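Asker: According to full-length UniProt numbering, the stretch in the sequence shown is residues 1 to 414, in order.
Even for Gly, the Cβ is constructed at its ideal location relative to N, Cα and C.
Please read all numbers here as calculations on a predicted model, not as lab measurements.
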Amino acid sequence: MALLMNVQSSLGRSLPCRPAAALPCAHPLLGDVPGALRASAEQRAVCSLPRNRGILKTRAVIAEQAPPKVSAPAVGEKVKIGINGFGRIGRLVLRAALLRDDVEVVAVNDPFVDADYSAYMLKYDSMHGKLTGEVTFSGSDLVIDGKKIKTYAEKDPTAIPWGDAGATYVCDSTGVFTTKDTAAAHLKGGAKKVIISAPSADAPMFVMGVNEDKYDPSSMDVVSNASCTTNCLAPLAKVVNDAFGIESGLMTTVHSTTATQKTVDGPSKKDWRGGRSASSNIIPSSTGAAKAVGKVLPELNGKLTGMAFRVPTLDVSVVDLTVNTAKDTSYEEIMATLKAAAEGPLKGILGFTEDAVVSSDFVTDTHSSIVDATAGLSLTPKFHKLISWYDNEYGYANRVVDLIMHMAAVEAKK
1 MALLMNVQSS
11 LGRSLPCRPA
21 AALPCAHPLL
31 GDVPGALRAS
41 AEQRAVCSLP
51 RNRGILKTRA
61 VIAEQAPPKV
71 SAPAVGEKVK
81 IGINGFGRIG
91 RLVLRAALLR
101 DDVEVVAVND
111 PFVDADYSAY
121 MLKYDSMHGK
131 LTGEVTFSGS
141 DLVIDGKKIK
151 TYAEKDPTAI
161 PWGDAGATYV
171 CDSTGVFTTK
181 DTAAAHLKGG
191 AKKVIISAPS
201 ADAPMFVMGV
211 NEDKYDPSSM
221 DVVSNASCTT
231 NCLAPLAKVV
241 NDAFGIESGL
251 MTTVHSTTAT
261 QKTVDGPSKK
271 DWRGGRSASS
281 NIIPSSTGAA
291 KAVGKVLPEL
301 NGKLTGMAFR
311 VPTLDVSVVD
321 LTVNTAKDTS
331 YEEIMATLKA
341 AAEGPLKGIL
351 GFTEDAVVSS
361 DFVTDTHSSI
371 VDATAGLSLT
381 PKFHKLISWY
391 DNEYGYANRV
401 VDLIMHMAAV
411 EAKK
């Protein structure tokens, strides 16, 4: 479905294409998606030429993107999820769950969207393509390939009957209930755990591949999956810090348009620049993503900060991280370390490529962060610029599901 580049050394000669015709071209549910990626749950092949950037002469293959190895609580038992807020992230969490056999979305709540409109928005997506399975509605239920998903329209989260629907874990993707107290309202409706799909001021924050081992089910009923940008930055920073140390760093995220921006100039009292047209401007903006890394990696607390540029693209963003390392190293050594992490302990979370890629190549990519080896550079042995891409919608939605599965696995071991 996406772009995990397993970089292999070559002798510098042109490499033949692997025949793509024999491989499937569409997933039975997701179908074809727009953009160069043509995401699929199946492995597919691509032709590439050797690189001579000075890092490695390589060939690249597009490999199947497997989620991190997180087991369901028991063989044959699916983890049941409810989704509160059926916007961009809520719908993509459902799409991500449909591709797995260890998890099931059983209920959706959104007071502003009826079941028929939910079915329409789930089936048709301007960025990620048409969901080609049968998507319909029956009364107040959403129906996907004959499987009913309960839908509710409650504004008060305490009134949502998650327990009646069988939802143990609730993803709150409203962007409204982002504190422990407000998100904990879901527990009154029968949910056992709540995952906030946004940064939180006071809920424990987790980034898969970085600090999920700190999850304590006995004391953490409400947790945060952090932001999409923190999910991109934190794995990158962790690998570099573990190997070379980070003394300080500045991050810029070049971030695609989101739903909170204005299509044309409009009032925005707190953020005047943010009120300008998203479709015709590059807009400087603030972000807490870099500082949030200090919450999931305490050893980097106070060492990173950053800002954002909002740009007129609909999906896929890129992190530009400039760091001062504690140890002398080379750009080549940093890339080799990141490549090893992408192929090893962070496989499925951190990706790596040396291809001449652009943003649309990462539409519907499931990784949190994909290192672009040929886009970064170094100035001195301690001063380095690192570039990493991320699908700020779909990659993040997959991490929400992964975090839920990790929590369920930990619960099962109690």
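In whole angstroms, what is the alpha-carbon distance linking ARG91 and GLY376?
Answerer: Taking the straight line joining both Cα atoms gives about 34 Å.
Asker: Pop quiz: PHE309 and THR252 are said to be a contact at Cβ under 8 Å. What is the actual Cβ separation, rounded to whole angstroms?
Answerer: 7 Å
Asker: Run through DSSP, which three-state label would ALA289 get?
Answerer: helix
Asker: Relative to the alpha-carbon of GLU333, which residue among HIS384, ASP156, SER277 has its alpha-carbon at the smallest distance?
Answerer: HIS384
Asker: According to DSSP, is LYS147 helix, strand or coil?
Answerer: strand
Asker: Which full runs of the alpha helix (DSSP H) of 4+ residues lie inside the region 353 to 381, going along the chain?
Answerer: none
Asker: With SER369 and LEU236 assumed to form a contact (beta carbons below 8 Å), what rounded beta-carbon distance in angstroms separates them?
Answerer: 5 Å
Asker: Looking at ASP361 and GLY395, is the spacing between their C-beta atoms short of 7 Å?
Answerer: No, Cβ-Cβ distance for GLY395 and ASP361 is not below 7 Å.
Asker: To the nearest angstrom, how far is it from the Cα of ASN398 to the Cα of ALA97?
Answerer: One Cα belongs to ASN398, the other to ALA97, and the distance between them is close to 8 Å.
Asker: Starting from TRP389, trace the alpha helix (DSSP H) both ways and give me its first and last residue.
Answerer: Unbroken run through TRP389 is the beta strand (DSSP E), 383 to 390; no alpha helix (DSSP H).
Asker: With DSSP collapsed to three states, give me the class of GLU212.
Answerer: helix
Asker: Closer than 7 Å by C-beta to THR158: which residues in its own chain qualify, once you throw out the five before and the five after it? Chain order, please.
Answerer: ALA185, LYS188, GLY189
Asker: For ALA159, which three-state DSSP category applies?
Answerer: helix
Asker: Any chance you could list the beta strand (DSSP E) runs of at least 3 consecutive residues sitting entirely within the region 182 to 251, in chain order?
Answerer: With a minimum length of 3 residues, the unbroken runs of beta strand (DSSP E) contained wholly in the region 182 to 251 fall at 193 to 196, 222 to 224.
Asker: Please say whether SER197 and VAL232 have beta carbons closer to each other than 7 Å?
Answerer: The sequence given here has Cys at residue 232, not Val. No, the pair does not count as a contact, with Cβ atoms beyond the cut-off.
Asker: Label LYS155 either buried or exposed according to how many other C-beta atoms from any shown protein chain fall within 10 Å of its C-beta, with 16 as the threshold for buried.
Answerer: exposed
Asker: To the nearest angstrom, how far is the alpha carbon of PHE112 from that of ALA153?
Answerer: Distance between the alpha carbons of PHE112 and ALA153: 7 Å.
Asker: Look at the Cβ atom of ALA356, then the Cβ atom of LEU350, and state whether they are nearer than 7 Å.
Answerer: no
Asker: For ILE404, count the other beta carbons within 10 Å of its own beta carbon; 16 or more makes it buried, fewer makes it exposed. Which is it?
Answerer: Flag for ILE404 reads buried.
Asker: Determine the extent of the beta strand (DSSP E) in which ASN398 is found, giving its start and end residues.
Answerer: Segment 394 to 412 is the alpha helix (DSSP H) holding ASN398; no beta strand (DSSP E) there.
Asker: Rounded to a whole number of angstroms, what is the C-alpha to C-alpha distance between PRO267 and GLY249?
Answerer: 34 Å
Asker: Please state if the CB of VAL293 and the CB of ILE246 are separated by a distance shorter than 7 Å.
Answerer: no
Asker: One question on the structure: do ALA289 and THR229 come within less than 7 Å of each other, judged by their Cβ atoms?
Answerer: yes
Asker: Which stretch, first to last residue, makes up the alpha helix (DSSP H) that contains ALA308?
Answerer: No alpha helix (DSSP H) holds ALA308; the beta strand (DSSP E) holding it covers 304 to 311.
Asker: Run through the DSSP bridge pairs and tell me what SER256 is partnered with.
Answerer: VAL311
Asker: Indicate the three-state DSSP secondary structure (helix, strand or coil) for ASN52 in the structure shown.
Answerer: The predicted model places ASN52 with a pLDDT of 35, which falls under 50 and marks its position as unreliable; any figure quoted below should be read in that light. DSSP places ASN52 in coil when its eight states are reduced to three.
Asker: On the DSSP bridge assignment, give the partners of TYR152 in chain order.
Answerer: ASN109
Asker: I need the straight-line Cα distance from VAL61 to ASP141, nearest angstrom please.
Answerer: Only weak support exists for where VAL61 lies, its pLDDT of 30 falling under 50; the coordinates are left without a value.
Asker: Output the distance between the C-alpha atoms of ALA408 and THR182, rounded to the nearest integer angstrom.
Answerer: 22 Å
Asker: What do you get for GLU393, buried or exposed, if any count of 16 or more other CB atoms within 10 angstroms of its CB means buried?
Answerer: buried
Asker: Is DSSP giving ASP172 helix, strand or coil here?
Answerer: strand
Asker: Here's a check: name, in chain order, each residue in its chain whose Cβ is nearer than 6 Å to the Cβ of ALA107, leaving out the five neighbours to either side.
Answerer: GLY82, LYS150, ALA165, ALA167
Asker: Measuring alpha carbon to alpha carbon, tell me which residue in ASP125, ALA191, LYS295, GLY133 is nearest PRO204.
Answerer: LYS295
Asker: Is it right to say ALA226 is buried, meaning 16 or more other beta carbons lie within 10 angstroms of its own, or is it exposed?
Answerer: With 16 or more Cβ atoms within 10 Å of its Cβ, ALA226 is classed as buried.
Asker: Is VAL103 near VAL79, with beta carbons less than 7 Å apart?
Answerer: yes
Asker: Thinking C-alpha only, which one of ASP221, GLU299, GLU212 is nearest ASP242?
Answerer: GLU299
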